[in-house]
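There are 2 protein chains.
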Amino acid sequence: MQFTSETSSNGVIERRFTLGEITGVLWTPASGAAGAPLLLSGHSGGMHKKAPGLVAGALHGVTAHGFTVAAIDAPGHGDRPRNVEDQRWVEAIHSARTEGKPIAPIVAEYNMSLAERAVPEWQATLDALQALPEIGDEAPIGYGGMNLGVVTGVMWAAVEPRIAALGFGGVFVNEALIEAARKVTTPVECRIPWDEKEFDNASGVALFDAFASKEKALHAYTGRRTPEYERDSSARFFAHHLGRAADAGFELT
Amino acid sequence: MQFTSETSSNGVIERRFTLGEITGVLWTPASGAAGAPLLLSGHSGGMHKKAPGLVAGALHGVTAHGFTVAAIDAPGHGDRPRNVEDQRWVEAIHSARTEGKPIAPIVAEYNMSLAERAVPEWQATLDALQALPEIGDEAPIGYGGMNLGVVTGVMWAAVEPRIAALGFGGVFVNEALIEAARKVTTPVECRIPWDEKEFDNASGVALFDAFASKEKALHAYTGRRTPEYERDSSARFFAHHLGRAADAGFELT
Chain A
-11 MQFTSETSSN GVIERRFTLG EITGVLWTPA SGAAGAPLLL SGHSGGMHKK APGLVAGALH
49 GVTAHGFTVA AIDAPGHGDR PRNVEDQRWV EAIHSARTEG KPIAPIVAEY NMSLAERAVP
109 EWQATLDALQ ALPEIGDEAP IGYGGMNLGV VTGVMWAAVE PRIAALGFGG VFVNEALIEA
169 ARKVTTPVEC RIPWDEKEFD NASGVALFDA FASKEKALHA YTGRRTPEYE RDSSARFFAH
229 HLGRAADAGF ELT
Chain B
-11 MQFTSETSSN GVIERRFTLG EITGVLWTPA SGAAGAPLLL SGHSGGMHKK APGLVAGALH
49 GVTAHGFTVA AIDAPGHGDR PRNVEDQRWV EAIHSARTEG KPIAPIVAEY NMSLAERAVP
109 EWQATLDALQ ALPEIGDEAP IGYGGMNLGV VTGVMWAAVE PRIAALGFGG VFVNEALIEA
169 ARKVTTPVEC RIPWDEKEFD NASGVALFDA FASKEKALHA YTGRRTPEYE RDSSARFFAH
229 HLGRAADAGF ELT
């Protein structure tokens, strides 16, 4: 993992990094990250590691809860070149939209293909982050994502014991995603933007229902933007599930 | 409205009252209720105005948010005699349970009958509460309920402009309830205890979907008890929607 830039603003240090072909960004509290929970953030399809909503959530997590937050570009997204096969998916989505056909089945399949490639990249990124002295392998780990980021998180959590909490937003759901969710036992909080016409609410509820997690919560809300109290609630969810190790650290000193 | 007893404990004054045949209880902050939002609380079928969960929520609302909270017994519940017709409903529910038949359709119909009688009682109770000097007609009003309390709240909110926010728990849903929800435009927060086998999750989601409210939120959660963060979230929901008038009062001083 090579850091390629570092800036600092409002108590948050932002460092861009590369790891082989992977391009990413790491936000840490300027006051020090020792013992901080690590939150991994997966962006939507068509977006990138510095998508506005992702950055807003990351900065809130760092400043309000003292989290360390990392995000990487999905294959063919952000700073990474798109391959020929992915270009065909993107053109198929554009064509469907132009012709007024439903894009959900195409996006769901494209997301699944991207997620299969993104999971080993997230694993390698987490290995490298845990090798950093300011993070280490004791930091409790959460994963949050939107749409493509949800698909990646579900596929990853089904095989990754290091993730202790999952927070998800709206997503295009297909049967393969439901099947993967049935293998996930990590505590999970799902959000459904109920008025967002592109997502099918019933399949969002079916995805929530499919998680094998003993602790799971569903939050549906109306309106065009995520309400501020929902953003707070998401950070509190992670603090609730990831905060304990940090607290234990304080107790040991 | 006649107060029949008054006790005080941990900063909360509890007064029992009667209003004609209605029996009720009023909790107010010992530090004074002027300008406090008024939260009306509807109990589950088979329970009463001092059901343990209701009391816990009421005390939290008074102590953590400075609310005034009122609850009344539904017809034939708590301190009120059960009439012959209601006795038949109760026996039908017991028989169905003994025979292993589904109770949901019977409970839903019984609740609808109780709610039709409870709505004018709640209206009279609210009139009387607003006539009290420590409440007045400026206090913002919320209504929260569980099961029977949800049915009563939906039927009431469809015709009652004074209610500014609704908070609901699990409920047996039938088509008549869905129809009433379509007339409700008040901000609403619905909770579904996802593991509670007695309630049908899909019909709980359908009820949430039916509300005409521009602002609505659904929270589903697992586990046998309401998680503490959900109880906090409910109080925050009411504080968010009812707090403004209280804040304005402070600004005016």
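Residue numbers (the numbering used here), protein chains in the order written: chain A, -11 to 241; chain B, -11 to 241.
Positions of the beta carbon are idealized from the N, C-alpha and C atoms, including for glycine.
Here's a check: name, in chain order, each residue in its chain whose Cβ is nearer than 6 Å to the Cβ of residue i, leaving out the five neighbours to either side.
i: T210/A; result: W182, D183
i: Y98/A; result: W77
i: A236/B; result: Low confidence applies to A236/B: its pLDDT is 34, below 50, so where it sits in the model is not reliable, and the reading given next is rough at best. Nothing listed; no residue qualifies.
i: G192/B; result: I180
i: A145/A; result: I151, L154, V172, T174
i: G130/B; result: L27, A153, F226, L230
i: S(-7)/A; result: R4
i: M(-11)/A; result: F5, L7, A116
i: F(-9)/A; result: R3, F5
i: H147/B; result: A small fix is needed here, since residue 147/B is Val in this sequence, not His. Excluding residues within five positions, none has a Cβ falling inside 6 Å.
i: G132/B; result: S29, G155
i: H65/A; result: H36
i: L206/B; result: C178, F196
i: Q111/A; result: none
i: G157/B; result: M134, R179
i: G54/A; result: P17, A24
Listing by chain order, which chain B residues have their CB less than 8 Å from the CB of residue i?
i: T210/A; result: S201, K202, E203, K204, A205
Residues of chain A with a CB under 7 Å from the CB of residue i: which are they?
i: H228/B; result: Y217
i: V193/B; result: V193
So residue i and residue j are supposed to be a Cβ contact under 8 Å. How far apart are they, rounded?
i: R68/B; j: E9/B; result: 7 Å
i: A46/A; j: A106/A; result: A46/A to A106/A, Cβ: 18 Å. No contact.
i: A52/A; j: A190/A; result: Actually they are not in contact, since the Cβ atoms of A52/A and A190/A sit about 34 Å apart, beyond 8 Å.
i: E122/B; j: A227/B; result: With 8 Å as the limit, E122/B and A227/B do not qualify as a contact, their Cβ atoms being about 19 Å apart.
i: F43/B; j: T16/B; result: Position check: residue 43/B holds Val in this sequence, whereas Phe was assumed. Not a contact, Cβ separation roughly 14 Å.
i: H48/A; j: R219/A; result: 6 Å
i: S221/B; j: S221/A; result: 7 Å
At 8 Å on the CB atoms, spell out the chain A contacts of residue i, in chain order.
i: S221/B; result: S221
i: R245/B; result: Since the displayed chain B opens at -11 and closes at 241, residue 245/B lies outside it and no answer follows.
By Cβ distance, which residues of its chain are closer than 7 Å to residue i, with the 5 residues on each side in sequence left out?
i: A80/A; result: I94
i: S32/A; result: A39, M134, N135, L136, G137
i: A199/B; result: Strictly speaking, residue 199/B in this sequence is Phe, with Ala absent from that position. Taken in chain order, the residues that qualify are A169, V172, V176.
i: D115/B; result: none
i: A208/B; result: I180, W182
i: T(-5)/B; result: E2
i: A166/A; result: The sequence given here has Ile at residue 166/A, not Ala. Cβ neighbours of I166/A beyond the five flanking positions: A194, L195, A198.
i: V139/A; result: N99, M100, A103, V159, L165
i: P215/B; result: Y209
i: V142/A; result: L165, A168, A169, V172
Name, please, each residue of chain A whose Cβ falls closer than 9 Å to the Cβ of residue i.
i: F196/B; result: W182, A208
Who are the Cβ neighbours of residue i in its own chain at under 8 Å, not counting the five residues just before and after it?
i: K204/A; result: P175, V176, E177, C178, F196
i: A84/A; result: P90, I91, I94
i: A18/A; result: S(-4), G(-1), V0, I1
i: A58/B; result: G12, V13, L14, W15, L26, L27, L28, S29, T113, L117
Starting from residue i, trace the beta strand (DSSP E) both ways and give me its first and last residue.
i: H207/A; result: 204 to 209
i: W15/A; result: 10 to 17
i: E126/B; result: It is not in any beta strand (DSSP E) - E126/B carries neither H nor E in the DSSP assignment.
i: P181/A; result: 176 to 181
i: A58/B; result: 56 to 60
i: F160/A; result: Counting along the chain, F160/A falls outside any beta strand (DSSP E), and DSSP gives it neither H nor E.
i: R3/A; result: 0 to 7
i: A152/B; result: 151 to 156
i: E(-6)/A; result: -10 to -3
i: G64/A; result: Segment: none, G64/A is in no beta strand (DSSP E) and carries neither H nor E.
i: S29/A; result: 26 to 30
Would you kindly report the start and end of the unbroken alpha helix (DSSP H) that includes residue i?
i: T51/A; result: 40 to 53
i: V138/B; result: 136 to 145
i: T113/B; result: 92 to 118
i: S84/B; result: Reading off the sequence shown, one finds Ala at residue 84/B, where the question assumed Ser. From DSSP, the alpha helix (DSSP H) with A84/B extends over 72 to 86.
i: F196/B; result: 189 to 198
i: R170/A; result: Segment: none, R170/A is in no alpha helix (DSSP H) and carries neither H nor E.
i: F226/B; result: 216 to 240
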